[in-house]
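Taking full-length UniProt numbering, the leading residue of the sequence shown gets 1, the next gets one more, and so forth.
Note that the Cβ used here is the ideal one computed from N, Cα and C, for glycine as well.
Source: prediction; values computed, not measured.
Scroll down for the structure; my scribbles are underneath it.
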Amino acid sequence: ETNEQKLHKIASELLLTERAYVSRLNLLDQVFYCKLLEEANRGSFPAETVNKIFSNISSINAFHSKFLLPELEKRMQEWETTPRIGDILQKLAPFLKMYGEYVKGFDNAVELVKNMTERVPQFKAVTEEIQVIVHFFPCSQVNFS
Numbered sequence: 001e002t003n004e005q006k007l008h009k010i011a012s013e014l015l016l017t018e019r020a021y022v023s024r025l026n027l028l029d030q031v032f033y034c035k036l037l038e039e040a041n042r043g044s045f046p047a048e049t050v051n052k053i054f055s056n057i058s059s060i061n062a063f064h065s066k067f068l069l070p071e072l073e074k075r076m077q078e079w080e081t082t083p084r085i086g087d088i089l090q091k092l093a094p095f096l097k098m099y100g101e102y103v104k105g106f107d108n109a110v111e112l113v114k115n116m117t118e119r120v121p122q123f124k125a126v127t128e129e130i131q132v133i134v135h136f137f138p139c140s141q142v143n144f145s
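What follows is the structure, given as structure tokens:
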């Protein structure tokens, strides 16, 4: 296996991983977050709590689905003439700072989910309903608890 083949293999694996990650981000953002926010807006529990749990997941999802993934896909299509991905990662690296906010609030979010599941029957019901629905999606590995 030549170095060029190894590089192509690594870039292909990164693209596959990014696609899987984006599908899971979409699931968290477009299904879990939206459904829980819908229920919160009915007055079952505070919308602010849902926002704290999901932090800036919508921004992270948008970054990956609208910028990083399309750039990687385009580059893989142009691999013969432009066999590299480092420039893409370097260009988009500053946007990865948004993970700081997400990580900073993660432990608190996990604790909120635990408390809400134990204390608010409607929160628990919605998350369980979503998990049943998610079971039928290809990216069903996302577990909310």
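Among the options, the one whose alpha carbon lies nearest that of residue i
i           : options         : result
residue 133 : 1, 32, 21, 123  : 32
residue 125 : 98, 35, 91, 99  : 35
residue 99  : 1, 130, 62      : 62
residue 108 : 59, 50, 22, 11  : 50
residue 106 : 11, 1, 130, 54  : 54
residue 131 : 59, 64, 45, 27  : 27
residue 121 : 2, 9, 20, 39    : 39
residue 68  : 41, 19, 47, 58  : 19
residue 9   : 37, 127, 79     : 79
residue 113 : 104, 127, 103   : 127
residue 91  : 11, 43, 103, 71 : 71
residue 103 : 135, 52, 23     : 52
residue 15  : 84, 94, 41      : 84
residue 59  : 73, 41, 29      : 29
For residue i, the three-state DSSP class (helix, strand or coil)
i           : result
residue 162 : Lying outside 1 to 145, the shown extent of the chain, residue 162 is not represented and no answer is given.
residue 80  : coil
residue 135 : coil
residue 10  : helix
residue 46  : coil
residue 85  : coil
residue 58  : helix
residue 1   : coil
residue 140 : Because the pLDDT of residue 140 is 47, which lies under 50, any placement of that residue in the model is unreliable, and the question is left without a value.
residue 145 : Model confidence at residue 145 stands at a pLDDT of 49, short of 50, so the residue's coordinates are unreliable and nothing is read from them.
Residue i, enclosing alpha helix (DSSP H) - first and last residue
i           : result
residue 36  : 34-41
residue 112 : 106-119
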